Structures are given as C-alpha cells and as structure tokens.
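Notes follow the structure.
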C-alpha cells in the first residue's frame, strides 16, 4: 500500500515582533493559494542562492511576502536524514551540505544564546521547534527516530490519521503553542487521511525589541509601488552604524536586543525586482561601519502562505513527490510501504513597528545623541525604503538568513 509523507507541512514559521502599546492594523494580507506551473529552477550547492530562487519563484502576484529559508531547511533536513539513493543526493544538493543533521544540532544549540531579558513587554527570544508526527500503524526505524530526536531535538508522537479532524487538531495545537499563537492553524483536516504516513513540522518564532528604537515623525511620506502608484504612509526613522553596498543595492542593518539583526535592502533600480538580482550574498559581505546611515522604512504587518510543493518540484526535487521515484527507505522498518511527499506548505506572519509611538519619539533623540560621540565625524549615507524593497532577519554570527521578505506595495 502506498503511504504518503503527508504534507511535510514545513513550517508554521513565524515572527512575533509585538509592539508595546497598541498594535498597528494589518496593511496587507498576502495569501498565495493557486497552483503554479513554475519554470525549472537551477539548483546549486549554495543554499542561500537556492532559497532566493525559490522565494523569487513563489513571490509572483504578491505585494508583501516573507519566507523562512531556515524553517524549510530544518524540515528538509529531517527528511534528508531518512532518505536514501538519489532522493538523499537531491536533498543534499538543495541544502548545500552532505551533513545537515550535524549543522542542525549545532545551530539549535547556538540559537539558545539569542535571548535576553524581557524589555517593555518583549520576550526577546529566538525559538526553533521540530516535530515528527507518525502514523501509529506504520513502523519507522529506531535509527531514524533517534536521529531526528538527537540532531533536530524533534518531538515524536504517533497519531491515528484516519481520524483526520483529531489529528489536525493535535498538530495545530502544537503549532499554535510553539508560535505563541501567531499561527493558530497550519494543517487542514482534508489534508490528512488513513494513507498519511507522517507529518514533519518546523516552527520558528522570533520576538525582540530593537536595540535602539525607531522614531516616527508626525507626518506622512510617499511610498511609490512597483506599478507606479503612490500611497502616503508613516516612515520610521533611525540612524544606523552599518552600511552595505554592491552594484545592485544599498542596505542598512540594525540589531535587536536578542542579538539577531534586521537588514533593509533598497535596489538601485526602481520598480519591481528579484532577490536574486540583488546578489544578497555579496551584499552581506560588504558591511561598512565607516558611515552614519540615515534609514527610513514603513511599519509592516502582514502574513503569507506559500505552496512550496510546486516550487520544490521546479527546484529539482520532483522525484520526492512520486511513489515511483522517492526513496525514504532509511526511515522505515518495512520497506514494502512506498513513502513519498504529498505537499509542502509554509505560513509566516510579521508584525514590525517602532515599539510604540510613545517610545519612538524619545528613541530618535537618544539615538542621534548616541551616534554623535565619535571624535571624528563620519560621512553619511541614506537608505530610504520608500519604494519596493527587500529585508532580512539575519543571524550574522552563524551566517544564516532566518527570514527574507519583499515589499512592492503598501
């Protein structure tokens, strides 16, 4: 009987940046649900480039969207540890390593360092959770369960997927808890059945106050969308100490209290763009602290849902979605059952603001005063995100892009 590794529902990846004070209302809700026939994506051994190409492919028809390469990689890494033959090779090529399990184990340990004391209502945390939900009537190898438990710190549970409503409720309850209620529902009842073999889930939850708050002036400014339309919005203001530039873009970065970093990226060309065209890898290598950077950007509040199935098929992983070609025998006790992937889904949510207008006004003054203590005045640069831009939430110490996003219209 053919069994399905049901929806490696990769992710419930979520960011929680909660402002103290009143939350701003969502500007845009981006939900991508239709099926696509994506053009083939060239996959290299560079996971950053692979992730960028997958995001660019999925971004079509969106105005604001966010994707977590780290969360998808964690799910695919758990899958790779149970794959064999060409299936294993294909996953290793996408992940950019032959030993993602070792990376995951080390990274999950390092991630514990990204926390700080609570600050004005912020938890200042960075939490990654993995789980493996197995069909209780299907035997998975002890070696595989040990691998995902030890290397991915995955919680393992058995479910009766023939009772799809109860199974979905159990998984969604776990996701809701791990994302601090940012993503209450990930799995739908109709996605599960008695033929479901397993569901692998990863969640990423990020919450932190800015290291130094943004200021919000009492006036509106013009944001020019990719289609040329304009909208009057509030642009937060801040002086940053790190500037980036390559042939395609300029950028600024500023830190959160938990140690991770936000990078705002402005293409040099106006209008729409792809993340690949920005050459993010080279941009991040060109960090320059010799300038004072006057930065502006809008508040953001939106959610995204991406059907990664079609994008991953386009990225050379189509064999994993067929019972005739997928090879996950390394996770099975009984290899008579043919396992394959049925679906991969990612949901994300972002709430980003200045921590509240009350704190922002004071922060702008303190920040400007704080940056002026150098004996030698610095040259200045401006990076105003008042037209289509990209952004990252970046783990600089471990060179990991936790989230990447793009905004073309407000």
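Residue numbers (my numbering): 144 to 553. We treat Cβ as the ideally placed atom computed from N, Cα and C, and that holds for glycine. Small disclaimer: the values here were computed from a predicted structure and weren't measured.
Cα-Cα separation between residue i and residue j, rounded to whole angstroms
i, j, result
"residue 321", "residue 226", "27 angstroms"
"residue 354", "residue 531", "25 angstroms"
"residue 192", "residue 342", "27 angstroms"
"residue 335", "residue 315", "13 angstroms"
"residue 543", "residue 419", "17 angstroms"
"residue 442", "residue 228", "47 angstroms"
"residue 421", "residue 286", "42 angstroms"
"residue 518", "residue 183", "Only weak support exists for where residue 518 lies, its pLDDT of 45 falling under 50; the value from the coordinates is given anyway. If you take the alpha carbons of residue 518 and residue 183, they lie about 54 angstroms apart."
"residue 425", "residue 389", "7 angstroms"
"residue 249", "residue 455", "26 angstroms"
"residue 292", "residue 415", "43 angstroms"
"residue 276", "residue 300", "5 angstroms"
"residue 251", "residue 245", "10 angstroms"
"residue 374", "residue 282", "56 angstroms"
"residue 241", "residue 181", "27 angstroms"
"residue 533", "residue 307", "39 angstroms"
"residue 458", "residue 522", "43 angstroms"
"residue 526", "residue 324", "34 angstroms"
"residue 473", "residue 494", "40 angstroms"
"residue 467", "residue 482", "9 angstroms"
"residue 404", "residue 190", "20 angstroms"
"residue 386", "residue 540", "17 angstroms"
"residue 304", "residue 337", "5 angstroms"
"residue 383", "residue 439", "10 angstroms"
"residue 237", "residue 188", "6 angstroms"
"residue 511", "residue 400", "Reliability of the predicted coordinates at residue 511 is poor, the pLDDT of 20 falling under 50, and the value obtained from them is presented with this limitation in mind. The straight-line gap from Cα to Cα measures roughly 18 angstroms."
"residue 465", "residue 529", "45 angstroms"
"residue 127", "residue 479", "The question about residue 127 has no answer, for the chain in this structure spans 144 to 553."
Pair within 9 angstroms by beta-carbon distance, residue i and residue j
i, j, result
"residue 329", "residue 488", "yes"
"residue 201", "residue 546", "no"
"residue 491", "residue 326", "yes"
"residue 247", "residue 402", "no"
"residue 213", "residue 463", "no"
"residue 195", "residue 423", "yes"
"residue 445", "residue 217", "no"
"residue 263", "residue 352", "yes"
"residue 372", "residue 552", "yes"
"residue 185", "residue 550", "no"
"residue 398", "residue 524", "no"
"residue 497", "residue 350", "no"
"residue 243", "residue 406", "no"
Buried versus exposed, by CB contacts within 10 Å (16 or more), residue i
i, result
"residue 396", "buried"
"residue 393", "buried"
"residue 470", "buried"
"residue 346", "buried"
"residue 256", "exposed"
"residue 370", "exposed"
"residue 477", "exposed"
"residue 333", "exposed"
"residue 266", "buried"
"residue 203", "exposed"
"residue 365", "exposed"
"residue 224", "buried"
"residue 447", "buried"
N-terminal and C-terminal residue of the beta strand (DSSP E) that residue i is part of
i, result
"residue 441", "434-441"
"residue 186", "Careful: residue 186 lies outside any beta strand (DSSP E) and carries neither H nor E."
"residue 376", "373-376"
"residue 304", "Where residue 304 is concerned, there is no enclosing beta strand (DSSP E), given that its DSSP letter is neither H nor E."
"residue 409", "404-410"
"residue 366", "364-367"
"residue 396", "392-398"
"residue 387", "385-388"
"residue 454", "Not the beta strand (DSSP E): residue 454 falls in the alpha helix (DSSP H), residues 451-455."
Start and end residues, alpha helix (DSSP H) containing residue i
i, result
"residue 317", "307-321"
"residue 233", "228-238"
"residue 247", "243-254"
"residue 538", "Taken as a continuous stretch (DSSP letters only), residue 538 belongs to no alpha helix (DSSP H), being part of the beta strand (DSSP E) at 532-538."
Min CB distance residue i to chain D below 9 angstroms
i, result
"residue 227", "Chain labels in this structure do not include chain D; a single protein chain is all it has."
Q | Stretch pair the stretch 261-277 + the stretch 294-304: three plus CB contacts closer than 8 angstroms | A | yes
Q. Between the stretch 408-416 and the stretch 345-361, do at least 3 Cβ pairs fall closer than 8 angstroms?
A. Remark: fewer than three beta-carbon pairs, one from each stretch, lie closer than 8 angstroms, so the stretch 408-416 and the stretch 345-361 are not flagged as touching.
**Q.** Given 8 angstroms, three or more beta-carbon pairs between the stretch 371-383 and the stretch 424-433
**A.** no
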